[in-house]
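Here our numbering is used: the first residue of the sequence shown is 1, the next is one more, and so on.
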Amino acid sequence: MEFTTALFYAFSLILVLAAARVITARNPVHAALFLVLSFFSAAAIWLLLRAEFLAIVLVLVYVGAVMVLFLFVVMMLDIDIGKLREGFWSYFPLAAVVGLLIALQMAAVLLHGFWDPAAQAPAAAANIGGTKELGMLIYTEYIYAFEIAAVILLLAIVAAVALTLRRRKDSKYFDPAQAVKVKRNDRIRMVSMKAESDRANGNGAAPAAAAEKQ
Numbered sequence: 001m002e003f004t005t006a007l008f009y010a011f012s013l014i015l016v017l018a019a020a021r022v023i024t025a026r027n028p029v030h031a032a033l034f035l036v037l038s039f040f041s042a043a044a045i046w047l048l049l050r051a052e053f054l055a056i057v058l059v060l061v062y063v064g065a066v067m068v069l070f071l072f073v074v075m076m077l078d079i080d081i082g083k084l085r086e087g088f089w090s091y092f093p094l095a096a097v098v099g100l101l102i103a104l105q106m107a108a109v110l111l112h113g114f115w116d117p118a119a120q121a122p123a124a125a126a127n128i129g130g131t132k133e134l135g136m137l138i139y140t141e142y143i144y145a146f147e148i149a150a151v152i153l154l155l156a157i158v159a160a161v162a163l164t165l166r167r168r169k170d171s172k173y174f175d176p177a178q179a180v181k182v183k184r185n186d187r188i189r190m191v192s193m194k195a196e197s198d199r200a201n202g203n204g205a206a207p208a209a210a211a212e213k214q
């Protein structure tokens, strides 16, 4: 057995075990950590297949952003694990049917290569996963789809910010445009008031000007 083949089976075994622990771990933090391990194992398999771009994207996007965010949310929220597990077995039959269907679909695609080991892969398959080839395709043939995806992601970011900055009754809100346009006379107003009589000597005082702050 070659060294790369041994590495493939080793990372595949780790990936399967980590994926199984994701759905069987009782602690959600432990399940998230096992999911990170499964992502790293899948990235290592992509590297063995010489698809370095897919491996880097898997680590940077899913491990570096999605899973870190998920871990922070899980650790900051007070999650009642008992309530999460209520009704688990009621959804198990549907989940089992969907999982079995996905497994059969993957087997129908993958087992063909095992049945015919002499089958040759297309010549174009050698360039799949390369950074240069993917970049050439994205910025030439799929440039419009790439730009549309970028606009959709930008809209999602703007919508997320808008939802977090919505007006609420329990939060103070001010218009920054009105705050910039304010002038000195709008903040302070000079008024003339009559002074109260001096109780100590009974003498009146001259009217004085007082500043009333708005």
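Cβ atoms here follow ideal geometry from the backbone N, Cα and C, with glycine treated the same way.
| Range of the contiguous beta strand (DSSP E) that encloses MET190 | It spans 188-193 - the beta strand (DSSP E) in which MET190 sits, taken as one unbroken run.
| message | Tell me the DSSP secondary structure of ARG21 in three-state form. | response | ARG21 falls in the helix class under three-state DSSP.
| task | Could you name the residues of the same chain whose beta carbon sits closer than 8 Å to that of ALA31, not counting the 5 residues immediately before and after it, in chain order? | result | So the qualifying residues of the chain are ARG21, VAL22, ILE23 and ALA25.
| field | Cβ-based neighbour list, PHE8, same chain, cut-off 6 Å, excluding 5 preceding and 5 following | value | Excluding positions up to five away in sequence, the list reads LEU48.
| field | Beta-carbon proximity list for ILE45, same chain, < 6 Å, skipping 5 on both sides | value | So the qualifying residues of the chain are PHE11.
| query | Quick one: Cα of VAL68 to Cα of VAL36, how far? | reply | For VAL68 and VAL36, the distance between alpha carbons rounds to 9 Å.
| request: Could you check if ALA149 is buried or exposed, using at least 16 other CB atoms within 10 Å of its CB as the buried criterion? | output: ALA149 should be labelled exposed.
| Taking the alpha helix (DSSP H) that LEU35 falls in, what are its first and last residues? | Per DSSP, the unbroken alpha helix (DSSP H) holding LEU35 starts and ends at 28-48.
| Where ALA95 and ASP175 are concerned, what is the direct C-alpha to C-alpha distance, given to the nearest angstrom? | Their Cα atoms are separated by approximately 49 Å.
| said: Using 8 Å for Cβ pairs, my map puts SER38 next to ALA18. What's the rounded Cβ distance? | reply: Contact holds; Cβ gap of about 4 Å.
| Boundaries of the alpha helix (DSSP H) in which LEU54 is found, first to last residue | Residue range 52-57 is occupied by the alpha helix (DSSP H) that includes LEU54.
| Who are the Cβ neighbours of TYR62 in its own chain at under 8 Å, not counting the five residues just before and after it? | Correct list, in chain order: PHE39.
| field | Spatial distance of GLY99 from PRO93 (CA atoms) | value | Taking the straight line from one Cα to the other gives about 10 Å.
| task | Determine the DSSP secondary structure at PHE72, reduced to helix, strand or coil. | result | The answer is helix: DSSP assigns PHE72 an H, G or I state.
| query | Do you know offhand how far MET193's Cα is from LEU163's? | reply | For the pair MET193 and LEU163, the Cα-to-Cα distance works out to about 48 Å.
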